[in-house]
Amino acid sequence: MPTIFTHVAVPVAAALALGSRRVPPSMLLVGALAAIAPDFDGIPYQFGSAGSGIWAHRGITHTALFALLMGLLGLGLARWWKVPRLAGFAWVFFCTLSHPLLDMMTSGGSGIALLWPLSSERFFSPWRPIAVSPIAADRFFSQRGVQVLVSELYNVWFPLLTLGLSIFALRHTRKS
């Protein structure tokens, strides 16, 4: 999996591209939390317990169904954000869905149960440039953790920020 830090790259880049009028700070914060939320299934690993099947890491919380359910949160928050309800839903849905899509691009793990309950198959992307992050906290703060962060900067943060800033620049160039 990419680190928890890198899962927020998608909402950050999208917010840069769309601008603060379309994505107010509270909406960005919820999007960042939604992008991280699927990894809450890793908490039991920190206490020596691991689920199995759909309850294991990269199971139920890494599904499109989970992203749809999370999108309902955005639907409810849309009024507070002063955005259309569909925009609120789409924001939280896509921020959440970005998590398993990034995880599919990692070099290890057990795959993503993206289509559960329609399919129990676990998927990987055909292109897997992101070094898989250790789940255990003590292993994360090691040389391996540094290698993962460098991989994420190169393969996720730089491309997404370049895209987000380019769209931002294009939007502001057109206004001039």
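Counting with my numbering, you get residues 1247 to 1422 for the letters of the sequence shown.
We treat Cβ as the ideally placed atom computed from N, Cα and C, and that holds for glycine.
Given the structure is predicted, the values throughout are model-derived calculations rather than measurements.
Short Cβ contact (9 Å threshold) for residue i with residue j
{"i": "Gly1277", "j": "Val1338", "result": "yes"}
{"i": "Arg1368", "j": "Ile1358", "result": "yes"}
{"i": "Asp1351", "j": "Arg1374", "result": "Before going on, a small fix: residue 1351 reads as Met here, not Asp. Taking 9 Å as the Cβ cut-off, Met1351 and Arg1374 qualify as a contacting pair."}
{"i": "Val1378", "j": "Gly1355", "result": "yes"}
{"i": "Leu1360", "j": "Ala1255", "result": "no"}
{"i": "Ala1283", "j": "His1345", "result": "yes"}
Neighbour-count burial assignment, residue i, 16 or more Cβ in a 10 Å radius
{"i": "Thr1309", "result": "buried"}
{"i": "Val1396", "result": "exposed"}
{"i": "His1418", "result": "exposed"}
Start and end residues, alpha helix (DSSP H) containing residue i
{"i": "Ile1300", "result": "Segment: none, Ile1300 is in no alpha helix (DSSP H) and carries neither H nor E."}
{"i": "Thr1307", "result": "First-last for Thr1307: undefined, no H or E at that position."}
{"i": "Thr1252", "result": "1250-1253"}
{"i": "Arg1267", "result": "Counting along the chain, Arg1267 falls outside any alpha helix (DSSP H), and DSSP gives it neither H nor E."}
{"i": "Glu1398", "result": "1389-1398"}
{"i": "Ile1282", "result": "1271-1282"}
{"i": "Arg1331", "result": "1331-1349"}
Cβ shell of residue i (< 8 Å), same chain only, five flanking positions each side left out
{"i": "Trp1362", "result": "Ile1300, Gly1305, Ile1306, Thr1309, Leu1311"}
{"i": "Gly1410", "result": "Val1258, Ala1259, Ala1260, Ala1261, Leu1262, Ala1263"}
{"i": "Arg1390", "result": "Pro1380"}
Min CB distance residue i to chain B below 9 Å
{"i": "Val1402", "result": "In the structure shown, chain B does not exist; there is a single protein chain."}
Cut-off 7 Å between Cβ atoms - residues of its own chain near residue i, not counting five sequence neighbours on either side
{"i": "Pro1424", "result": "Examination of residue 1424 is not possible in this model, given that the chain is present from 1247 through 1422 alone."}
{"i": "Leu1347", "result": "none"}
{"i": "Val1394", "result": "Thr1249, Ala1377, Ser1379"}
{"i": "Arg1267", "result": "none"}
Expected contact under 8 Å - CB spacing of residue i and residue j to nearest Å
{"i": "Gly1265", "j": "Phe1414", "result": "7 Å"}
{"i": "Ala1313", "j": "Leu1343", "result": "4 Å"}
{"i": "Ser1388", "j": "Trp1327", "result": "Contact flag wrong, Cβ pair sits at about 39 Å."}
Beta-carbon contacts of residue i that lie in its chain and below 6 Å, excluding the five residues immediately before and after
{"i": "Leu1323", "result": "Gly1334"}
{"i": "Thr1252", "result": "Glu1398, Val1402"}
{"i": "Phe1370", "result": "Met1350, Gly1357"}
{"i": "Leu1317", "result": "For the record, residue 1317 in the displayed sequence is Gly; it is not Leu. Only Phe1335, Val1338, Phe1339 meet the Cβ criterion."}
{"i": "Val1269", "result": "Ala1261"}
{"i": "Asp1287", "result": "His1303, Thr1307"}
{"i": "Ser1353", "result": "Arg1374, Ala1377, Val1378"}
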